[in-house]
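As structure tokens, the structure follows; a few thoughts come after it.
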Amino acid sequence: MSGLQAVRISIESACEKHVQEVGLDGSETYLQPLSMSQNLARLAQRIDFSQGSSGSEEDEPAPAGESREWPGGDEEEEEEGLIKFQPSLWPWDSVRNNLRSALTEMCVLYDVLSIVKDKKFMTLDPVVQEPLSQKQNPQVLQLISKKKSLAGAAQILLKGAERLSKSVAENQENKRQRDFNSELLRLRQHWKLRKVGDKILGDLSYKSAGSLFPHHGTFEVIKNTDIDLDKKIPDDYCPLDVQIPSDLEGSAYIKVSIQKQAPDIGDLGTVNLFKRPILKSKPGALHWQTKLETAQNVLLCKEIFAQLSREAVQIKSQIPHIVVKNQIISQPFPGLQLSISLCHSSEDKKSQKSTSEKQGPEDHLYVLEHNLHQLIREFHKQTLSSTMMPHPASAPFGHKRMRLAGPQAFDKNEISSLQPSEGLLEKIIKQAKHIFLRRRTAQTIDSLASRIEDPQIQAHWSNINDVYESSVKVLITSQGYEQICKCHNIRFLQFSSWPK
């Protein structure tokens with residue numbers, strides 16, 4: 002066996018190329034050499050893992066006596082040995098043996114660690130059976146066993162209840178999320194919303210309707226998380242809440258009153274103390290729709306008062322208008338005072354006591370307040386209609402009226418003279434004059450009818466009137482006689498001065 006020659010196996014493939022075919026013209030076709038990975042795979046396929054370690058026993062050399070008995074068969078044994086013991090000379094044989102020994106050691110280590118982890122495999126505790134005392138009877142043992150069984154069942158029920166409460170809480174949270182999305186969809190149907198970053202903002206202003214008031218009127222939509230999931234959800238709970246600006250909180254209205262005697266200049270500006278009663282509600286009970294409508298009304302009242310204040314300063318009249326704080330004072334007739342004030346009350350402000358004389362509820366003219374809202378909406382409509390609509394880029398530059406006018410267009414002074422110059426304040430003063438004259442006329446007719454018994458005077462006021470015109474039918478009759486005088490219709494058309 003010592004005459005066996007070592008077999009050298011190279012892991013790397015040879016660099017030379019083998020000839021695959023020689024053509025008739027003498028050209029040779031070469032084979033590409035195997036790469037290192039292909040050569041390594043080819044050598045690995047030659048390993049026979051089915052042979053065990055028994056082959057190592059055959060690798061030992063035979064005794065010298067046996068070799069001497071067969072002197073003539075040395076060459077045959079050498080040839081058989083080359084073929085038989087060649088697998089042991091492969092370079093992967095040692096790798097296979099090392100992997101097998103490493104696998105055995107890992108299995109032993111795993112078994113040792115499992116035994117160390119579970120100590121019950123390594124402990125032997127003696128079982129001591131104490132003799133039953135005479136006092137312990139089978140009924141007591143049965144009661145103890147039942148108690149243990151009930152304790153185990155109670156533990157199982159508690160775990161189930163805990164899981165059930167968790168699932169109910171998750172369902173409520175999912176339901177709240179769905180309710181928030183549905184409320185947000187309803188909010189989008191009534192108000193303009195936009196998303197800025199991770200916030201949802203809305204618009205309260207009348208800019209889309211033609212308003213020029215500079216207030217932004219932005220509110221924020223937030224998720225209502227003040228409720229406790231463990232407690233019962235109230236009926237008026239809403240998963241959505243809105244956060245409006247602080248200057249738009251509370252309620253507001255425009256107060257218009259006519260007084261015969263003007264107060265001192267020091268008493269002006271205290272009209273904000275006369276507030277409408279506010280019904281206090283619980284936090285969260287106010288619905289978002291009512292909250293937004295109230296805030297929008299506050300914004301509109303502020304716009305009306307700002308427009309009236311601007312016109313009161315700009316208009317030049319014989320008796321100048323007075324603007325003090327949130328009150329505008331005008332004198333339509335001598336000895337008569339028209340007061341227009343902005344009353345804004347917030348919920349967080351405490352009610353204050355007025356130092357001046359309180360006005361009665363009849364002093365407030367609701368008709369003029371309603372007319373102010375109508376006039377500001379007409380102003381919005383005019384502003385919106387005067388804006389230029391979108392037009393193609395290829396169209397001529399300029400306004401359509403300017404293009405149609407041509408060289409015969411009016412200048413700025415002529416156009417300003419044709420446009421109505423009456424503002425919001427002048428219109429409301431005219432309406433106040435008309436209301437005062439109508440009231441004065443009605444009082445005069447009633448006083449005459451009460452003093453004069455014969456003839457009888459009857460006045461029939463028409464319900465269909467204009468803001469600047471009213472009609473009354475006066476019947477004068479005498480008892481026992483025919484109708485003496487009959488005035489079918491008396492009109493009061495835009496009274497602008499005190500009647501003489």
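Counting the sequence shown from 1 gives a position; this note's numbering is that position plus 1. The C-beta atom is built at its ideal place from N, Cα and C for all residues, glycine as well. Computed from a predicted structure; not experimentally measured.
Name the one or two DSSP bridge partners that residue i has.
{"i": "cysteine 344", "result": "Tyr254"}
{"i": "isoleucine 201", "result": "Lys196 and Val222"}
{"i": "leucine 1", "result": "Nothing in the structure corresponds to residue 1, since the chain is present only between 2 and 501."}
{"i": "glutamate 22", "result": "Thr30"}
{"i": "isoleucine 259", "result": "Leu339"}
{"i": "isoleucine 323", "result": "Ile330"}
Mapping DSSP to helix, strand and coil, what is residue i?
{"i": "glutamine 338", "result": "strand"}
{"i": "glutamine 33", "result": "coil"}
{"i": "serine 357", "result": "Unreliable positioning characterises serine 357 in this predicted model, as indicated by a pLDDT of 38, which lies under 50. The coordinate reading is nonetheless provided below. Of the three classes helix, strand and coil, the one that applies to serine 357 here is coil, per DSSP."}
{"i": "glutamine 328", "result": "strand"}
{"i": "serine 448", "result": "helix"}
{"i": "serine 146", "result": "helix"}
{"i": "histidine 365", "result": "strand"}
{"i": "serine 38", "result": "helix"}
{"i": "serine 471", "result": "coil"}
{"i": "alanine 286", "result": "Any reading at alanine 286 must be qualified, since the residue scores a pLDDT of 41, below 50, and its modelled position is unreliable; the value itself is stated next. Alanine 286 falls in the coil class under three-state DSSP."}
{"i": "serine 183", "result": "helix"}
{"i": "proline 139", "result": "helix"}
{"i": "serine 318", "result": "coil"}
{"i": "phenylalanine 380", "result": "helix"}
{"i": "glutamate 423", "result": "coil"}
{"i": "leucine 213", "result": "coil"}
{"i": "asparagine 466", "result": "coil"}
{"i": "glutamate 415", "result": "helix"}
{"i": "glutamate 17", "result": "coil"}
{"i": "isoleucine 436", "result": "helix"}
{"i": "serine 206", "result": "coil"}
{"i": "isoleucine 453", "result": "coil"}
{"i": "lysine 431", "result": "helix"}
{"i": "glycine 66", "result": "With a pLDDT of only 43 at glycine 66, under the threshold of 50, the placement of this residue in the model should not be trusted; the figure read from the coordinates follows. Three-state DSSP puts glycine 66 in a helix."}
{"i": "isoleucine 279", "result": "Note that isoleucine 279 has pLDDT 49, beneath the 50 cutoff, so the model's placement of it is unreliable and the number below is only indicative. Residue state, collapsed to three classes: coil."}
Considering Cα atoms alone, identify which of the options is closest to residue i.
{"i": "glutamine 332", "options": "Ile259, Ser342 and Ile305", "result": "Ile259"}
{"i": "serine 342", "options": "Lys208, Gly336, Lys326 and Thr105", "result": "Lys326"}
{"i": "glutamate 294", "options": "Tyr367, Ser417, Pro321 and Ser206", "result": "Ser206"}
{"i": "isoleucine 245", "options": "Cys239, Thr226 and Ile201", "result": "Ile201"}
{"i": "arginine 43", "options": "Val473, Trp93, Arg101 and Ser168", "result": "Trp93"}
{"i": "arginine 189", "options": "Ser150, Asp199, Leu241 and Gln140", "result": "Leu241"}
{"i": "alanine 450", "options": "Leu426, Lys434, Glu427 and Ser479", "result": "Ser479"}
{"i": "alanine 253", "options": "Glu29, Cys344, Ala45 and Leu151", "result": "Cys344"}
{"i": "lysine 193", "options": "Ala210, Phe181 and Asp199", "result": "Ala210"}
{"i": "glutamine 319", "options": "Ile329, Phe306, Pro335 and Gln308", "result": "Pro335"}
{"i": "asparagine 466", "options": "His322, Gln432 and Ala155", "result": "Gln432"}
{"i": "lysine 18", "options": "Lys149, Tyr31 and Gly24", "result": "Tyr31"}
{"i": "alanine 460", "options": "Asp447, Val468 and Tyr469", "result": "Asp447"}
{"i": "glutamate 427", "options": "Ser417, Leu385, Asn372 and Ile416", "result": "Asn372"}
{"i": "alanine 296", "options": "Gly203, Asn182, Leu158 and Leu25", "result": "Gly203"}
May I ask which residues mark the beginning and end of the beta strand (DSSP E) holding residue i?
{"i": "isoleucine 458", "result": "457–462"}
By the DSSP assignment, the alpha helix (DSSP H) with residue i in it spans what residues?
{"i": "arginine 47", "result": "Taken as a continuous stretch (DSSP letters only), arginine 47 belongs to no alpha helix (DSSP H), as it is neither H nor E."}
{"i": "glutamate 312", "result": "289–315"}
{"i": "tyrosine 111", "result": "93–118"}
Problem - Stretch-stretch touch, CB-based, cutoff 8 Å, three pairs: the stretch 238–257 with the stretch 289–304 - result: yes
Exercise for the section: Inspect the CB distances between the stretch 433–449 and the stretch 463–475 and report whether three or more fall short of 8 Å. Expected result: The stretch 433–449 is in contact with the stretch 463–475.
Exercise for the section: Would you be able to state if there are at least three C-beta pairs under 8 Å between the stretch 310–318 and the stretch 210–221? Expected result: Result no; under three Cβ-Cβ pairs closer than 8 Å.
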